[in-house]
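K.L.:
Note that the working numbering numbers the sequence shown so that position 87 is 256, with each residue one more than the last.
For every residue, glycine included, the Cβ atom is placed at its ideal position computed from N, Cα and C.
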Amino acid sequence: MSRSPVLRWRVRREILVLKAAGALALAVATVLSQGDVRGMFLAGAGTVMLAVLALRDLLVPVRLSADGEGVVVTKGFAGSERVPWSQVERIRVDTRTRFTSRTELLEIETRDGLFLLSRFDLGAPVQQVADTLRAFRTGS
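(1) Report the residue from T279, Q297 and V180 whose alpha carbon sits nearest the alpha carbon of A223.
(2) Just the Cα atoms here: how many angstroms apart are V262 and S287?
(3) Take the Cβ of T199 as the centre, count every other Cβ of all protein chains shown within 10 Å, and call the residue buried at 16 or more, exposed below.
(4) Can you give me the C-alpha to C-alpha distance between V217 and R265, rounded to a whole angstrom?
(5) Buried or exposed, going by whether 16 or more other CB atoms sit within 10 Å of the CB of G292?
(6) Sorted by chain position, which residues of the same chain lie with C-beta nearer than 6 Å to M170's C-beta, five sequence neighbours on each side aside?
(7) Under 6 Å Cβ to Cβ from V231, same chain only, skipping five residues before and after it: list those, please.
(8) Buried or exposed, going by whether 16 or more other CB atoms sit within 10 Å of the CB of V221?
(9) Assuming L285 contacts E276 under a Cβ cut-off of 8 Å, what Cβ separation, rounded to an integer in Å, is found between them?
(10) Is it buried or exposed for T243, if we count other Cβ within 10 angstroms and need 16 for buried?
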């Protein structure tokens, strides 16, 4: 009995390290700005935000995986949802350009909802992941 391969896309470790380093730097800034209430509040809020994002990347580094039965997509803070291929209606890349910034999101549309994943979630170019998923789904 042959098992189908499992494809996985994850947050790159460099992104996790940058978030953790940013949280550490903001924690230092929070301590150093004790005389400035607004500065402490902003630096403290930034510390908490980056620490939470880094924790999510540490707990759930794999944001998308695919096998012969379907896909597993991260949902919420640290949960996941398995979606059989029969329920995946469309896989596409949404590209938006605003001023000089270009954003691409992988959209996995299912009967029950829509999953959006960025290049930072996937650790790979979004179009490449979409093409790989489509080919994997059809078996070509």
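P.N.:
From the atom records:
(1) Distance from the Cα of A223 is smallest, within the candidate group T279, Q297 and V180, for V180.
(2) Rounded to whole angstroms, V262 and S287 show a C-alpha spacing of 10 Å.
(3) T199 should be labelled buried.
(4) Here the alpha carbon of V217 sits roughly 29 Å from the alpha carbon of R265.
(5) By the neighbour-count rule (16 or more Cβ atoms within 10 Å), G292 is buried.
(6) Summary for M170: the model assigns pLDDT 44, below 50, so the residue's position carries little reliability, and this model does not support an answer.
(7) Around V231: R177 and R179.
(8) Under a 10 Å Cβ-count criterion, V221 is classified as exposed, with fewer than 16 other Cβ atoms of the shown protein chains found around its own Cβ.
(9) Correct: roughly 6 Å between the Cβ atoms.
(10) In the assembly as shown, T243 is a buried residue. Its beta-carbon has 16 or more other beta-carbons within 10 Å.
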